[in-house]
Ligand SMILES: [Zn+2]
Ligand SMILES: [Zn+2]
């Protein structure tokens with residue numbers, strides 16, 4: 265059994281064949297799917313998917329850094345109302361994104377710190393998006409300095425030094441399709457880290473692994489990540505599945 269700790273299967277991209285996508289994932293051994301929120305527009309679809317697959321799909325609540333705009337206060341308020349209403353598997357995805365647009369960097373920081381506070385308040389993991397901002401996100405978590413705060417640096421693509429700082433903070437590395445990209449250099453970093461530092465994720469529909477790069481991603485493709493990790497660590501597929509699943513279960517409970 266493997267766990268996709270980060271996938272957006274509730275998005276429009278899957279509107280026409282979601283059931284088939286789920287069937288393929290189940291057939292590939294993927295049994296649990298953690299669904300990060302993006303912003304208030306996605307909440308209905310997110311919660312519907314969780315309802316459609318009880319015990320398999322688990323909703324997170326949060327505001328993506330790319331959705332931090334003029335209406336950030338309103339967006340955070342809506343997320344907070346949901347958190348007061350029911351339990352969510354994690355806070356996310358949140359963090360910093362310096363790749364697409366730096367107009368709202370100050371607000372991205374504020375929203376990230378607010379959401380880290382929610383993770384502490386509700387005692388759930390924090391799922392961090394850190395595109396071109398890995399060190400900056402690490403520094404935010406360091407500054408909060410709460411050993412009880414746990415979570416994932418999702419789609420980790422940083423250096424060995426950054427990975428070690430993340431592990432020292434008690435956080436995990438979310439590893440997906442980027443591991444199969446030749447130029448990413450990620451495999452060399454991952455080879456030097458224990459398997460127990462890693463949880464599996466697709467970020468579907470994004471970041472599709474080789475050999476499907478450029479097409480829509482889906483959870484069944486996690487098998488390519490598992491195989492790649494087994495190659496890198498010179499171990500079996502079964503071992504990679506067992507270790508990453510145990511780690512994810514420990515985090516999400
Ligand atoms: Zn992300
Ligand atoms: Zn995502």
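In the numbering used here, the protein residues as written are 265 to 517.
Ideal placement from N, C-alpha and C gives every residue a C-beta, glycine not left out.
Is residue i buried or exposed, if buried means 16 or more other CB atoms sit within 10 Å of its CB?
i: residue 364; result: exposed
i: residue 397; result: buried
i: residue 276; result: exposed
i: residue 427; result: buried
i: residue 334; result: exposed
i: residue 472; result: buried
i: residue 353; result: buried
i: residue 500; result: exposed
Using CA coordinates, which residue listed in the options is at the minimum distance from residue i?
i: residue 343; options: 360, 361, 300 and 317; result: 300
i: residue 322; options: 333, 295, 330 and 394; result: 295
i: residue 285; options: 325, 482 and 473; result: 482
i: residue 460; options: 450, 491 and 497; result: 497
i: residue 349; options: 367, 325 and 315; result: 325
i: residue 440; options: 433, 434 and 454; result: 454
Can you tell me the Cα-Cα spacing of residue i and residue j, whole angstroms?
i: residue 362; j: residue 369; result: 8 Å
i: residue 413; j: residue 387; result: 8 Å
i: residue 430; j: residue 458; result: 13 Å
i: residue 268; j: residue 444; result: 17 Å
i: residue 312; j: residue 330; result: 23 Å
i: residue 339; j: residue 503; result: 41 Å
Less than 8 Å between the CB atoms is what I'm expecting for residue i and residue j, so what's the real figure, rounded?
i: residue 390; j: residue 422; result: Contact flag wrong, Cβ pair sits at about 17 Å.
i: residue 424; j: residue 399; result: Actually they are not in contact, since the Cβ atoms of residue 424 and residue 399 sit about 13 Å apart, beyond 8 Å.
i: residue 515; j: residue 437; result: Incorrect: roughly 12 Å between the Cβ atoms, too far for contact.
i: residue 271; j: residue 468; result: 4 Å
ask   = Could you give the uninterrupted runs of the beta strand (DSSP E) lying entirely in the region 301-377, keeping only those of 3 residues or more?
value = 321-323 and 355-361
task = May I have a chain-ordered list of the beta strand (DSSP E) segments no shorter than 3 residues that lie completely inside the region 426-513?
result = 435-439 and 462-464
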